[in-house]
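> Residues 93 to 257 in the numbering used here are what the sequence shown spells out, letter by letter.
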Amino acid sequence: MPVSEGKRPAPTHPSQILPGSFVEGLRGTVLRFYAKILDVIVAVMIFLMLLTLVFAVASLFWDIYGSLRDFRQEEVIRSLVSDVLSVFVLIELFRTFTDYLEFHRIRLRVLSEVAIVFVLRELFIGLYAHRLGPLDLLATAALLAVLVGARIAAVRFTPRHGDLD
């Protein structure tokens, strides 16, 4: 059915019903609100990570005290090694969240560094406990190679400032 010259076709999209500036303004308001809520959530997570880091360091000192008191106890030393490595993982995660709060994105370089530290933590704990076999070591080495490759690629091919928007 052809449209007569005096009539317009019925609107099919909300932007055709509402004026353009109103839709764009609403979209911008919603996106700003979303960004503020996201910033609040990340700030709360950073605060929780800071509390977790403080408790991890306190646990580390408690384990050091326990290992000095009874140095021959193998379980205390194992716990000390695990806690020291866990603190490094928490520090890297803390850095990831603060980076997100600053740049409003998660950088691949930082994320790959967190993953490398986490895999190394598991590797060291497994080696110290003598529970890793040859296949576990090969799989961990392959995973580390991929993560290091991702980090090198992230450093080598860093986006320019204009590419981020």
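C-beta: ideal position from N, C-alpha, C; glycine also.
1. Pick out whichever of S171, W154, L143 has its Cα sitting closest to the Cα of G218.
2. What are the complete alpha helix (DSSP H) segments, minimum 4 residues, inside the stretch 174-234?
3. Is T121 helix, strand or coil by DSSP?
4. Is it the case that the Cβ atoms of V134 and L182 are separated by a distance below 8 Å?
5. Figure out for me which residue from L140, R119, R243, A207 has the closest Cα to the Cα of T232.
6. Keeping to the same chain, check which residues put their C-beta closer than 6 Å to that of R187; ignore five residues upstream and five downstream.
On the basis of the data shown:
1. The shortest Cα separation from G218 among S171, W154, L143 belongs to S171.
2. If we require 4 residues or more, the alpha helix (DSSP H) runs fully inside the stretch 174-234 come out as 200-220.
3. Judged by DSSP in its simplified three-state form, T121 adopts helix.
4. No. Outside cutoff.
5. Comparing Cα-Cα distances from T232 to each of L140, R119, R243, A207, the minimum goes to A207.
6. Answer for R187: no residue qualifies.
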